[in-house]
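Numbering (the numbering used here), first residue to last: -17 to 162. What follows is a short report on a single structure.
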């Protein structure tokens, strides 16, 4: 396995150098195609590549295999994921995301937005009185397939899927009853 990781690193560096030095080469190859063309083993795939990618991008095997190889390999290179030894010490800001989330929340509340956080979201729909809830934004972290379970109201349009594999979703719903 270690030999294969070292070979993978060499293949990745060669591949990225070729692409970086020649802008005419297409960048539409998937990681699945790259793995097949470089003869990576099933063990390497299941014990190394897929676990890393799945944990970073929170998606299943099928999603990972369809990712842009250029994007994945560039990410690996830029974040030192190809190194076996001497990994850099990553520094983080204590309570960094918590602080930035509170700043965004405070700013939105100042603008009159109603914020609900820490709530379990089971569905997005109309209520039993026929009132239509008006969503400007829904900020959530859910797997792509789960959105189709959560969004039960057929009139709620889910915006265009963004990114390589859904990591964000924007819901916009304008109730017709407000136009009366």
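Ideal placement from N, C-alpha and C gives every residue a C-beta, glycine not left out.
By the Cβ rule, the region -3 to 12 counts as touching the region 50 to 65, because three or more pairs are nearer than 8 Å.
Less than 8 Å separates the beta-carbon of residue 97 from that of residue 91.
Here residue -14 is not near residue 41, since their CB atoms are 8 Å or more apart. Assignment of residue 36 by DSSP, reduced to helix, strand and coil, places it in the helix class. Per DSSP, residue -10 is one residue of the alpha helix (DSSP H) stretching across -16 to 3.
Contact between residue 25 and residue -17 is confirmed by a C-beta separation of about 6 Å, below the 8 Å threshold. The region 1 to 11 makes contact with the region 45 to 53; the number of CB pairs closer than 8 Å reaches 3 or more.
Residues of the same chain with a CB within less than 6 Å of the CB of residue -9, apart from the 5 flanking positions on each side, are 64 in chain order. When the Cα atoms are used, residue 67 and residue 5 turn out to be separated by approximately 32 Å. The C-alpha of residue 93 is placed about 48 Å away from the C-alpha of residue 28.
For residue 44, the uninterrupted alpha helix (DSSP H) run begins and ends at 43 to 47, by DSSP.
Inclusion of residue 20 and residue -7 in the CB contact set at 8 Å is warranted, their separation being smaller than that value. Bounds of the alpha helix (DSSP H) holding residue 55 are 51 to 60.
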